[in-house]
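Engineer: Numbering-wise, the sequence shown is residues 4 to 318 according to this note's numbering.
Quick reminder that beta carbons are idealized off the backbone N, C-alpha and C, glycines included.
Please see the structure below; I have some questions.
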Amino acid sequence: MILTRNTGRVSKNPDSGPSGSLSWRPRLTDFLPTNWHINMDDPPKPSWLERVGALVLREPGDREQLIALLHSAFERNLFDSDALSMIEGVIQVSEMQARDIMVPRSQMDVIDIGEPPDKFIPMIIETAHSRFPVTENDKNNVIGILLAKDLLRYYAGEEEFNVREMLRPVVFIPESKRLNVLLKDFRSNRNHIAIVVDEYGGVAGLVTIEDVLEQIVGEIEDEHDFDEIEDNIMQDPNGHYRVKAVTEIEDFNARLGAELSNEDYDTIGGLVLNKFGRLPKRGESVVVGNFKFTVLRADSRRLYTLLVETSRGGV
């Protein structure tokens, strides 16, 4: 390719050729045989310079190549492991659906509209949630969302306390809704909870904005999760245990009087993952020894929290 310097007066006709102080725009037809026909409707192909630049810059062609480049940058200390984990989380969120992280219907903490406040307020205090689906007759009929703070009117001693009047509208979403789209909807609508419905219109579970964010930044713990950082095992009023996946098997055995083997794995999470043979989703259960482990919190990369119940039959 020959680049020429052209001087002269500026032409008012843009098709009359390059003119002015400097021009570095050779015409494509100057380099093609005269019998070639150019179809201007065809999409432009990348120039040799663009192709060479892509090779030099190692521009990723797909998701796997992008992940490989990110890990390469991490190995060169361009950013730390937390940043790498968050970037990977952002990428994975765009490929995940509501069904992948929802709380199953069987594990939903709900309030029945027919119950008096004295019956469901202890449950609100115990779970420490800020929002509750309100149902009528059964969990398949969600009629609204109750904010825990709205119950202050009850404690204020209002004579006419009607829960139905306090309900917020319900947001229903399909199981197939992408998490990146759901997060955008949560932010734009200032909504923090959505009810997931299956293909038949039945309630399949629920998803909160915290659930989505945890896929990016990891588990978000608050003051109600664990009293101390070192305390990885908590017992609930039902006699069940909430256990962090990073809990050492030796500590678990000492606390619950168990005899789980720690020869192959150091943590409860590793033991449970081995039993599943894959990374389980929230709500899935497996029996190990005399204990039933149910996944409470997990993302596409790791386990966080497990619900542990005593099982009558060992496996």
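1) For Arg300, tell me which candidate among Phe189, Met89, Val249 and Leu263 has the shortest Cα-Cα distance.
2) Following the continuous alpha helix (DSSP H) through Thr313, name the residue where it begins and the one where it ends.
3) Please state whether DSSP places Leu73 in a helix, a strand or coil.
4) Along the beta strand (DSSP E) that carries Met89, what are the first and last residues, could you check?
5) Roughly how many angstroms lie between the CA atoms of Arg305 and Asp269, to the nearest whole one?
6) Just checking my contact of Ala261 with Phe294 at CB under 8 Å: how many whole Å lie between their CB atoms?
7) Since Thr270 sits in a beta bridge, which residues does DSSP pair it with?
8) So the candidates are Asp267, Ile176, Gly221 and Leu310; which of them puts its Cα closest to the Cα of Gly242?
9) Using beta-carbon positions only, say whether Gly208 and Val215 come within less than 9 Å of one another.
10) Can at least three beta-carbon pairs, one atom from the stretch 97 to 107 and one from the stretch 145 to 157, be found at a separation below 8 Å?
11) Could you tell me the alpha carbon to alpha carbon distance between Gly204 and Pro177, rounded to whole angstroms?
12) Can we say the stretch 274 to 286 touches the stretch 106 to 115, given the rule of at least three CB pairs closer than 8 Å?
13) DSSP three-state label for Ile196, please.
14) Could you pull the start and end residues of the beta strand (DSSP E) that Arg134 belongs to?
15) How far does the alpha helix (DSSP H) with Leu216 in it reach, from first residue to last?
16) Can you tell which of Phe175, Ile127 and Met237 has the C-alpha that lies nearest to the C-alpha of Glu202?
17) Since Asp112 contacts Phe135 with CB under 8 Å, what's their CB separation in whole angstroms?
18) The beta strand (DSSP E) that contains Phe296, what's its start and end?
19) In angstroms with no decimal places, state the Cα-to-Cα distance between Val298 and Gln110.
20) Please determine, among Leu154, Asp254, Val166 and Ser97, the residue with the shortest C-alpha to C-alpha distance to Ile128.
21) Thinking C-beta only, is Gln218 closer than 9 Å to Val96?
22) Quick test of your reading: Glu91 and Ile124, contact by CB under 8 Å. State the CB separation rounded to the nearest angstrom.
23) Just curious, the beta strand (DSSP E) that Ile164 is in, first and last residue?
24) Could you tell me the alpha carbon to alpha carbon distance between Arg245 and Ile236, rounded to whole angstroms?
25) For Pro120 versus Val184, is the C-beta distance shorter than 9 Å?
26) On the criterion of 16 or more Cβ atoms from any shown chain inside 10 Å, does Phe255 qualify as buried, or is it exposed?
27) Classify Asp33 as buried or exposed, calling it buried when 16 or more other Cβ atoms lie within 10 Å of its own Cβ.
Structural biologist: Taking the coordinates as given:
1) Val249
2) Not the alpha helix (DSSP H): Thr313 falls in the beta strand (DSSP E), residues Leu306 to Thr313.
3) helix
4) Met89 -> not in any beta strand (DSSP E); alpha helix (DSSP H) instead, spanning Ser84 to Val96.
5) 15 Å
6) 7 Å
7) Glu251
8) Leu310
9) no
10) no
11) 9 Å
12) yes
13) strand
14) Arg134 to Glu139
15) Ile212 to Val220
16) Phe175
17) 6 Å
18) Phe294 to Ala301
19) 11 Å
20) Leu154
21) yes
22) With a Cβ gap of about 41 Å, Glu91 and Ile124 do not count as contacting.
23) For the record, residue 164 in the displayed sequence is Phe; it is not Ile. Careful: Phe164 lies outside any beta strand (DSSP E) and carries neither H nor E.
24) 6 Å
25) no
26) buried
27) Low confidence applies to Asp33: its pLDDT is 49, below 50, so where it sits in the model is not reliable enough to give any reading.
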